[in-house]
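Trainee: In this note's numbering, the protein residues as written are 203 to 641.
First the structure, then my questions, so here it is.
Given below as structure tokens:
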């Protein structure tokens, strides 16, 4: 599709159709939004895509009530059109139903075939007829005819949801779009009430949070203060303004308060040699370099593009060096292991990750985490520290790996903290975990 013709719904439907081919094994979305010229259309496109990813199981359940064949048995393009259409009807109150249905019917003819128009029209119109109204009064309670949203609820004109009194797992799976395996895991580790609170929190649209080294002027910037200790702010401007802001404020970064906690735990350590073993694009490497100016920070990552980004980032710091893993020093005082994880502490930001949460994937992740830890232990000096960090809230990825490191390195925990996802607006925070281990 050409730049002149593509709009928000086309872009979203095409990208959701591509995701449908791999569901539930969805990966972070990296689609090129520059195909859309109008900034307002870009915003709508990403909002639709995000909503489908965040509410896939909810949409699947509602669509299947009006389909003869299960949604996941339909061709991906049809899934993309129906999912994006249903998402707009249910969760985009400002979009008129008739406009949504009309645009998706036309898109079906373009993306699928002309004969698909009738099916799309019938299904979406039937969904529209079930919606009795919406409320943003915040008085939602579990029931069969009200679907929670991030700001209130959608009122149906019939009891179409599972009975929460008879099917706890099934009900919360549908209304929060979490696989039953995720809910059961959360309930087993944190209790049912906490599991529901976490799943409901995952329905929020998380704010963009700026972490600054020094106070920022709220009167001169599109920001408001976050309530976390330190200099954290909610960004209220658009993406373009944020990009320009970060270019001119090199001591600021986009980072949730929970993600800052691991590095803060090293503040009082006297260090000379630090390794960031899973550095990604270098966010925590830069924090370490700034916090420990007398130490050399060696940053590495096995991914080619991320390592290239590390080399670029390191050019701005005298004490930050990008190194391939094979040439890293073997006398580090501190090794940061910010390992790949299930992202269960940040499912509001990474909605697609909830659908990958199954036993085979968890086993594979745990083995990878143990492998990384085993490699890193060989490069730590006696008395040095390993800082283990995840954005998970699962014991097998957190406390159990920490114990594995302690056993392997004959270490002891000197600081440990787990944070559950919670809060909204200026109290919002992701979940996560870290442990500082002395070897």
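Quick reminder that beta carbons are idealized off the backbone N, C-alpha and C, glycines included.
What would DSSP say about residue 371, mapped onto helix, strand or coil?
Mentor: helix
Trainee: Is the beta carbon of residue 459 less than 7 Å from the beta carbon of residue 415?
Mentor: no
Trainee: With distances taken Cα to Cα, identify the nearest neighbour of residue 525 among 541, 535, 543, 505.
Mentor: The shortest Cα separation from residue 525 among 541, 535, 543, 505 belongs to 505.
Trainee: Considering Cα atoms alone, identify which of 534, 482, 446, 507 is closest to residue 499.
Mentor: 534
Trainee: Taking the continuous alpha helix (DSSP H) assigned at residue 441, which residues delimit it?
Mentor: 441-450
Trainee: Consult DSSP for residue 223 and reduce its assignment to one of helix, strand or coil.
Mentor: coil
Trainee: Our contact map puts residue 570 next to residue 544 with C-beta atoms below 8 Å; I'd like the distance itself, whole angstroms only.
Mentor: Not confirmed; about 11 Å, so no contact.
Trainee: State the Cα-Cα distance for the pair residue 219 and residue 277, rounded to the nearest angstrom.
Mentor: 9 Å
Trainee: How long is the line joining the alpha carbons of residue 203 and residue 248, rounded to whole angstroms?
Mentor: The predicted model places residue 203 with a pLDDT of 39, which falls under 50 and marks its position as unreliable; any figure quoted below should be read in that light. The alpha-carbon atoms of residue 203 and residue 248 are separated by roughly 18 Å.
Trainee: Would you call the stretch 624-638 and the stretch 449-465 in contact, with 3 or more CB pairs under 8 Å?
Mentor: Verdict: yes, contact present.
Trainee: Is there contact between the stretch 437-445 and the stretch 372-385, where contact requires at least three CB pairs shorter than 8 Å?
Mentor: no
Trainee: Pull the bridge partners of residue 282 from the DSSP assignment, please.
Mentor: None; residue 282 has no bridge partner.
Trainee: By a C-beta neighbour count over all protein chains shown, 10 Å radius and 16 as the cutoff for buried, is residue 338 buried or exposed?
Mentor: exposed
Trainee: Only counting the same chain, and skipping five residues up and downstream in sequence, which positions put a Cβ closer than 8 Å to that of residue 394?
Mentor: Result list for residue 394: 370, in chain order.
Trainee: Does residue 310 come out as helix, strand or coil in the three-state DSSP assignment?
Mentor: Here residue 310 sits in helix by DSSP.
Trainee: Measure the C-alpha to C-alpha separation of residue 358 and residue 315 and round it to an integer number of angstroms.
Mentor: So the alpha carbons of these two residues sit roughly 31 Å apart.
Trainee: Just the Cα atoms here: how many angstroms apart are residue 403 and residue 532?
Mentor: 42 Å
Trainee: Which ranges does the alpha helix (DSSP H) cover as unbroken runs of at least 4 residues, wholly within the stretch 339-421, from first to last along the chain?
Mentor: 370-378, 382-392, 394-403
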